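The structure appears right after this line, and notes come after that.
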Amino acid sequence: MNVGPFSLPLPPLIFFISVVVSLFAGWIFRKNRANVDGAIFSSVFTGLVVARLSFVLHYLPAYKGGLVKMLDFRDQGFDMTAGLIAGGCVVGWFLLRRRTMRVPLLAAVVAGAVVWTSVTSFINLSRQPASVPVVSLINIDGARQSLTKGDGRPIVVNLWATWCPPCQAEMPILAEAQAETPGLHIVFVNQGETRDVVSSYLTSHDLHIKNALLDPNLAVARAVSARAYPTTLFYDAQGRLLSAHLGQFSRATFAQAIEQFYPDIELKNFQ
42 MNVGPFSLPL PPLIFFISVV VSLFAGWIFR KNRANVDGAI FSSVFTGLVV ARLSFVLHYL
102 PAYKGGLVKM LDFRDQGFDM TAGLIAGGCV VGWFLLRRRT MRVPLLAAVV AGAVVWTSVT
162 SFINLSRQPA SVPVVSLINI DGARQSLTKG DGRPIVVNLW ATWCPPCQAE MPILAEAQAE
222 TPGLHIVFVN QGETRDVVSS YLTSHDLHIK NALLDPNLAV ARAVSARAYP TTLFYDAQGR
282 LLSAHLGQFS RATFAQAIEQ FYPDIELKNF Q
């Protein structure tokens with residue numbers, strides 16, 4: 042298994058490891074055979090539910106598909122602050138009501154928090170500053186074109202393929218975002234496929250996008266060490282990498298990313 046910024050979504054993995062460490066710490070420090078597993082699972086479950094609910098309510102207009110899309114947490118849409126508060130309240134209740142749990146439960150919480158903050162900080166600090174790859178690509182008309190236009194706009198680069206189901210699912214959302222956010226330069230870079238295949242796919246799925254580029258030799262993927270699709274890269278107006286996202290975006294999570302990385306960009310009617 043490759044564990045790196047582009048091999049799999051890191052936040053869920055780090056969260057899972059933190060929970061496992063919490064359970065282990067609670068077992069190590071258990072007092073009078075007090076079992077804190079139930080308290081840990083209750084706090085985690087409550088935190089996740091509240092975090093998801095808070096996120097959905099905040100971006101409610103983006104969930105036009107109804108309950109199914111709201112429950113589909115694969116888009117990684119969570120309100121971390123709300124989740125931490127809710128989970129903390131559950132932990133606090135157990136600490137107040139179950140005296141025998143206090144030592145092991147506090148140890149579990151501290152251990153999980155230390156793992157989360159340490160691993161997250163290490164990953165953020167270890168990443169080298171990166172800029173937009175300088176590569177020559179081919180547009181849908183067969184002409185050579187670079188990723189940047191030099192017009193001072195921030196750049197969002199989406200690496201995709203026609204055979205990739207998550208890519209297929211998010212393409213209409215990103216196409217609409219491109220139309221509704223002229224202040225962003227959104228580029229779709231197909232990885233490893235021919236112009237005929239890409240053109241046929243866009244036509245058959247009625248996708249009208251600008252900046253559809255072909256990367257037959259996977260030059261961009263190699264430059265950014267992308268090992269899976271879709272991978273979406275967010276760059277500022279100076280071409281510096283702000284963040285990389287592996288996995289499918291929903292309308293809500295893409296709107297959240299735009300708000301986070303480009304607060305001056307108007308989303309218009311995208312949500």
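Quick note: the sequence shown uses the numbering used here, first residue 42, plus one each step. C-beta: ideal position from N, C-alpha, C; glycine also. All values derive from a computational prediction rather than experimental measurement.
C-alpha gap between residue i and residue j, whole angstroms
i: T161; j: D182; result: 42 angstroms
i: T189; j: I81; result: 48 angstroms
i: L287; j: V132; result: 32 angstroms
i: V198; j: A127; result: 35 angstroms
i: A149; j: V239; result: 50 angstroms
i: S84; j: C130; result: 8 angstroms
i: D78; j: R140; result: 15 angstroms
i: L348; j: V60; result: The structure shown does not extend to residue 348, since the chain spans only 42 to 312, so no value can be given for it.
i: L243; j: S95; result: 35 angstroms
i: K72; j: M142; result: 7 angstroms
i: E300; j: A285; result: 15 angstroms
i: R194; j: D277; result: 8 angstroms
i: E221; j: F302; result: 17 angstroms
i: S291; j: P50; result: 15 angstroms
i: D305; j: F163; result: 29 angstroms
i: V176; j: I69; result: 53 angstroms
i: G24; j: L259; result: Because the chain is modelled from 42 through 312, residue 24 falls outside the range shown and cannot be assessed.
i: R268; j: Q289; result: 14 angstroms
i: S63; j: D237; result: 52 angstroms
i: V109; j: N180; result: 36 angstroms
i: F57; j: F65; result: 13 angstroms
i: Q209; j: L166; result: 33 angstroms
i: L225; j: E217; result: 12 angstroms
i: Q186; j: M212; result: 21 angstroms
i: I196; j: G67; result: 45 angstroms
Environment of residue i [buried if 16+ CB atoms lie within 10 Å]
i: G107; result: exposed
i: T272; result: buried
i: I214; result: buried
i: A262; result: buried
i: P326; result: Here the chain has residues from 42 to 312 only, and residue 326 is not among them.
i: D192; result: exposed
i: S159; result: exposed
i: P257; result: exposed
i: S201; result: The identity of residue 201 in the sequence shown is Trp, whereas the question assumes Ser. Looking at its Cβ environment, which holds 16 or more other Cβ atoms inside 10 Å, W201 is buried.
i: A92; result: buried
i: A184; result: exposed
i: E307; result: exposed
i: S241; result: exposed
i: P174; result: buried
i: L98; result: exposed
i: T235; result: exposed
i: L112; result: exposed
i: M42; result: Only weak support exists for where M42 lies, its pLDDT of 32 falling under 50; the value from the coordinates is given anyway. Counting Cβ neighbours within 10 Å, M42 comes out exposed, since fewer than 16 surround it.
Residue i - partner residues in DSSP beta bridges
i: L200; result: V230 and T272
i: Q313; result: This structure gives no information on residue 313, because the portion of the chain shown stretches from 42 to 312.
i: S284; result: F275
i: L255; result: I179 and N231
i: R143; result: R143 pairs with nothing; no bridge assigned.
i: R185; result: I179
i: S172; result: R281
Of the residues the options, the one placed nearest residue i, counting alpha carbons only
i: S172; options: G280, T294 and A202; result: G280
i: G88; options: D113, F119 and I58; result: F119
i: N252; options: S266, A260 and Q219; result: Q219
i: L283; options: R292, S63 and V265; result: V265
i: L255; options: L178, Q297 and W68; result: L178
i: F275; options: E221, A298, G67 and M121; result: A298
i: F86; options: L125, F290 and D237; result: L125
i: P206; options: F135, A296, Y270 and I306; result: Y270
i: A296; options: L137, Q117, G67 and E234; result: Q117
i: N76; options: E217, P304 and F135; result: F135
i: M121; options: P52, L64, I69 and L259; result: P52
i: T294; options: G67, F56 and R115; result: R115
i: A123; options: L137, V90 and R138; result: V90
For the region 141-156 against the region 244-253, do three or more pairs of beta-carbon atoms, one drawn from each stretch, fall closer than 8 angstroms, so that the two count as touching?
no
Under 8 angstroms: do the region 134-150 and the region 89-104 share three or more Cβ pairs, one atom per stretch?
no
With three or more C-beta pairs closer than 8 angstroms as the rule, is the region 221-236 touching the region 201-212?
yes
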